[in-house]
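One point on numbering: in UniProt numbering, the residue at position 373 of the sequence shown is 373, and numbering is uninterrupted.
A quick write-up on the structure given underneath.
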Amino acid sequence: MPDQRPGDGTSRRSRGRRRRHRGAGAACRARLADRGGTEVKRKEYIDWLRNLAILFLFPFHTARIFNDDPEFYVKGPVSTLSSALVNISSFWFMPLLFLLAGMSSFYALRKRSAGSYVKERYLRLLIPFLFGCLVIVPPQAYYAMKFHHDYGGSYVDFLDTYFTDFSHWTVLTGISPAHLWFILFLFLISLAVLPLMLTVVRNRYTPSWLDRPALALAPAAGLALLSFLPEIGGENIFVYAGYVLLGFLLATSDSITEALERNRRRYLCLAVPGAIGILVERFTIGSQDNLLFTAWHYPVYWATLLAILGYGKRYLDRRSAFMNYFSRAAFPVYILHQTYVIVIAYYVLQVDAHGAVAFTAIMVPAFCLSIATYEIVRRTPGLRVMFGLRAPRRPSPPLSTEPTERHGTRPPRPGAASGPRP
1 MPDQRPGDGT
11 SRRSRGRRRR
21 HRGAGAACRA
31 RLADRGGTEV
41 KRKEYIDWLR
51 NLAILFLFPF
61 HTARIFNDDP
71 EFYVKGPVST
81 LSSALVNISS
91 FWFMPLLFLL
101 AGMSSFYALR
111 KRSAGSYVKE
121 RYLRLLIPFL
131 FGCLVIVPPQ
141 AYYAMKFHHD
151 YGGSYVDFLD
161 TYFTDFSHWT
171 VLTGISPAHL
181 WFILFLFLIS
191 LAVLPLMLTV
201 VRNRYTPSWL
211 DRPALALAPA
221 AGLALLSFLP
231 EIGGENIFVY
241 AGYVLLGFLL
251 ATSDSITEAL
261 ERNRRRYLCL
271 AVPGAIGILV
281 ERFTIGSQDN
291 LLFTAWHYPV
301 YWATLLAILG
311 YGKRYLDRRS
321 AFMNYFSRAA
331 FPVYILHQTY
341 VIVIAYYVLQ
351 VDAHGAVAFT
361 AIMVPAFCLS
371 IATYEIVRRT
381 PGLRVMFGLR
391 APRRPSPPLS
401 TEPTERHGTR
411 PPRPGAASGP
421 RP
């Protein structure tokens, strides 16, 4: 009979198996450290900032309905507050999402192979993008046709021409990725810069100069140069690729992110007056993109992002029940939100076309419907894939402490004593 510790019913073999399990876990952590230098610790503030940016899309796209830009799917009376909200935030919050995507890619590549990373990009970006373009986006163009062109046909009639007739194509009423351009860009950028990211991980390269405040602002010059490269649909994929790579580099060392936290006030002192200057520019002479203005825009953009990261690390690097929930919901909510905003706005504007009441009546139901749809999606296996959700984790079976023949220990004979010998 296997020797046992009196009182706990645990055999030496089972204790040995536990030690082997702990040893395997330690070996796994060691391999992880070999790939990246230190064991990965979850950065809660990255999830916080990403989730807050996605939540901000609800007031942002609602404000697009009332701002001074006529190019949107449905439009209400112009509101100065809505115009200010769009102008003061449009230069930082989409770059923030790309920057955070770069940081997340660093941690992803430390714990999975390049092949696994690419497979995940296809499953979690490309498939949801294609599904969204076919199913989620068309209602936006349909209601744009109804609002701007008094289209009277049914949605089925509209779909027939939407996918087949491009003779009168416009960015609002024709086939397009709409707000899903972010997913497409992120997919393309992730594949394009993967060799560079792998080189950084394998060589354990850390740009230590990024922890110095003055040098940390230097990437703004590179971003400014990238901004002169051609755009796609009004967005510059090269600039966003720059943000992804910079986010990747910022994540390579805790000393860099700790420096961002220490110097957050310095970056804020650059960001606030710069943002005010950009706001004044856009309200007076309009947005300028010549060399002179670009030379001071991008240092402001970059300082704003560094300040956000610094303050995020300082105050948001902790767990939250809502954020734990919303981290799983964020991507489906991103895919869904703008369609709900536009559909609801079309009907709200027919009743109350201006003011805080209309703004709230659009934004709040859009958020509630997005969350409700997510709850349906996460419970439907086929839809989970279309919205980029991972399969639910199966609970691991408990480790047995009973001796078995499989582990080389014969079970006790019937009638034999099972406790310790006297």
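Glycine residues also receive a C-beta, built at the ideal position from the N, C-alpha and C atoms.
For I237, the uninterrupted alpha helix (DSSP H) run begins and ends at I237 to L250, by DSSP.
Nearest to L180 by alpha-carbon distance, out of Y143, N67, A220 and P128, is P128.
Going by DSSP, T80 is part of the alpha helix (DSSP H) stretching over T80 to S89. In the structure shown, the three-state DSSP call for I285 is coil. For I232, the three-state secondary structure derived from DSSP is strand. The alpha carbon of L250 has as its nearest neighbour, out of E120, L309 and T161, the alpha carbon of L309. In the three-state reduction of the DSSP assignment, Q350 falls in the coil class.
E120 sits in a helix when the DSSP states are folded into three classes.
One alpha carbon belongs to D47, the other to M323, and they sit about 8 Å apart. When secondary structure is reduced to three states using DSSP, Y340 falls in the helix class. For Y240, the CB contacts under 6 Å within the same chain, skipping 5 residues up- and downstream, are F98 and F185 in chain order. Judged by beta-carbon spacing, V74 lies within the 7 Å limit of A345, meaning their Cβ atoms are closer than that value. Within its own chain, the residues whose Cβ lies closer than 8 Å to the Cβ of A192, once the five positions on either side in sequence are excluded, are A241, listed in chain order.
Each residue's CA atom was taken as its position, placing A358 and A366 some 12 Å apart. In the three-state reduction of the DSSP assignment, T62 falls in the helix class.
Judged by DSSP secondary structure, F359 falls within the alpha helix (DSSP H) whose first and last residues are G355 to R378. Counting along the chain, the unbroken alpha helix (DSSP H) around T304 starts and ends at L291 to Y315. Shown here, F387 sits in coil according to DSSP, grouped into three states, outside any helix or strand. For H179, there is no enclosing alpha helix (DSSP H), since its DSSP letter is neither H nor E.
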